[in-house]
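> Numbering-wise, the sequence shown is residues 1 to 251 according to UniProt numbering.
Just so it is clear, CB atoms sit at the ideal spot from N, CA and C, and this is done for glycine as well.
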Amino acid sequence: MKFERYVALGDSFTEGVGDPDPARPNGLRGWADLVAEELARDNPGFGYANLAVRGRLLRPILDEQLDAAVAMRPDLVTIYAGGNNLMRPKLDLDALAAEYDEAVGKLAATGARVLVWTAYDGSWAPVFRILRGRWAVYNELVREIADRHGATIVDFWRFAEYRDLRMWDFDRLHMSSAGHRNMAIRVLDLLGAAHTLTPAEFEAAPVVSAAKRAEDRRWAREFLVPWLGRRVRGTSSGDGVAPKRPTLQPV
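1) In three-state DSSP terms, what is Ala49?
2) When the Cβ atoms of the region 168-176 are set against those of the region 140-151, are three or more pairs found closer than 8 Å?
3) Looking only at C-alpha atoms, which of Tyr100, Val116 and Ala160 sits nearest to Ser123?
4) By the three-class DSSP mapping on this structure, what secondary structure does Leu248 have?
5) How big is the Cα-Cα spacing for Phe46 and Leu248?
6) Return helix, strand or coil for Thr198, following the three-state DSSP convention.
7) Should the region 102-120 be regarded as contacting the region 62-77, the criterion being three or more beta carbon pairs within less than 8 Å?
8) Expressed to the nearest angstrom, what Euclidean distance is found between the alpha-carbon atoms of Asn50 and Tyr162?
9) Bridge partners for Arg113 per DSSP, in chain order?
10) Can you list, in chain order, the residues of its chain whose CB lies under 6 Å from that of Ala40, leaving out five sequence neighbours each side?
11) Along the chain, where does the beta strand (DSSP E) containing Leu9 start, and where does it finish?
12) Determine the extent of the alpha helix (DSSP H) in which Ile185 is found, giving its start and end residues.
13) What is the C-beta distance between Arg54 and Glu15, in whole angstroms, given that I count them as a contact (C-beta under 8 Å)?
14) From what residue to what residue does the beta strand (DSSP E) around Val154 run?
15) Going by beta carbon distance, what residues of the same chain come within less than 8 Å of Glu4, once the five residues before and after it are set aside?
16) In whole angstroms, what is the alpha-carbon distance linking Ala211 and Asp169?
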């Protein structure tokens, strides 16, 4: 299938946090930009919009992005939302799923190909291990939503290659440039789209050392503590950030 209008919705995952590029809007590239660039090859009429903003919970994503996306009459839509909700202390998963279900239904009603994601199984990381059960329930609800509306699942939960820390940025919450590139390949392959991307090649994983443990302590000090502080204060990393591609534009 040849796509003409691709709209990406979501949070930092789709905005491209972890894949810096000073030449691009918001200083980020990310997997969605890479997907758009590949879909635009030999397709001069192709348009791409990316409405995602880091830190957004599900409700703000729907309030700020859903109607704008529908108005662009896309034939391809990607949405990954709810990940930030999953890390909040209090969460009504059924209510979250009901809102997500309505949104995916509205996107599917446009006739667009809709892609949704399962949450990644980050239980190998001690800080996030306690959330595994919540992630698993969320994923089953997302699978039901996808089945109900004919959406396509990008099954992040089963992508074993992300157990390599080099697929993650320093904060261990966002993908690295290599992780974003790999995600773009996964999406393009799922769409059956020809592309020129190749996965990153890593040397053997480094052995855990005193330097690695020191890095763990720096991570806790420089990322984990400030991140927890924002949760307590109710602030977001996306406060004051605008979508990097708010309208359909050529790539």
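Here's the rundown:
1) Numbered from its first residue, the sequence shown carries residue 49 at position 49. Correct three-state label for Ala49: strand.
2) no
3) The sequence position of residue 123 within the sequence shown is 123, counting from 1. Comparing Cα-Cα distances from Ser123 to each of Tyr100, Val116 and Ala160, the minimum goes to Ala160.
4) Working through the sequence shown from its first residue, we reach residue 248 at position 248. Strand at Leu248.
5) If you number the sequence shown from 1, residue 46 lands on position 46. If you number the sequence shown from 1, residue 248 lands on position 248. Answer to the nearest angstrom: the Cα atoms are 9 Å apart.
6) For the purposes of this step, residue 198 is taken as the residue at position 198 of the sequence shown. It is coil, neither helix nor strand.
7) yes
8) In the sequence shown, counting from the first residue as 1, residue 50 sits at position 50. In the sequence shown, counting from the first residue as 1, residue 162 sits at position 162. Cα to Cα, the separation comes out at about 24 Å.
9) On the sequence shown, residue 113 is found 113 positions in, with the first residue counted as 1. Arg113 pairs with Leu76.
10) Residue numbering aside, residue 40 sits at position 40 when the sequence shown is read from its first letter. Closer than 6 Å at Cβ, skipping near neighbours: Phe46 and Val251.
11) For this step, residue 9 is matched to residue 9 along the sequence shown. From DSSP, the beta strand (DSSP E) with Leu9 extends over Arg5 to Gly10.
12) Residue 185 sits at position 185 when you count from the first residue of the sequence shown. That run of the alpha helix (DSSP H) goes Ser177 to Leu191.
13) As a first step, residue 54 is located in the sequence shown; it is residue number 54 there, counting from the start. As a first step, residue 15 is located in the sequence shown; it is residue number 15 there, counting from the start. By a beta-carbon distance limit of 8 Å, Arg54 contacts Glu15. Their separation comes to about 5 Å.
14) Position 154 of the sequence shown, counting from 1, holds the residue named residue 154. From DSSP, the beta strand (DSSP E) with Val154 extends over Thr152 to Val154.
15) Working through the sequence shown from its first residue, we reach residue 4 at position 4. Here the set comprises Asn43, Gly45, Phe46, Gly47 and Asp75.
16) For the purposes of this step, residue 211 is taken as the residue at position 211 of the sequence shown. For the purposes of this step, residue 169 is taken as the residue at position 169 of the sequence shown. Reliability of the predicted coordinates at Ala211 is poor, the pLDDT of 49 falling under 50, and the value obtained from them is presented with this limitation in mind. So the alpha carbons of these two residues sit roughly 17 Å apart.
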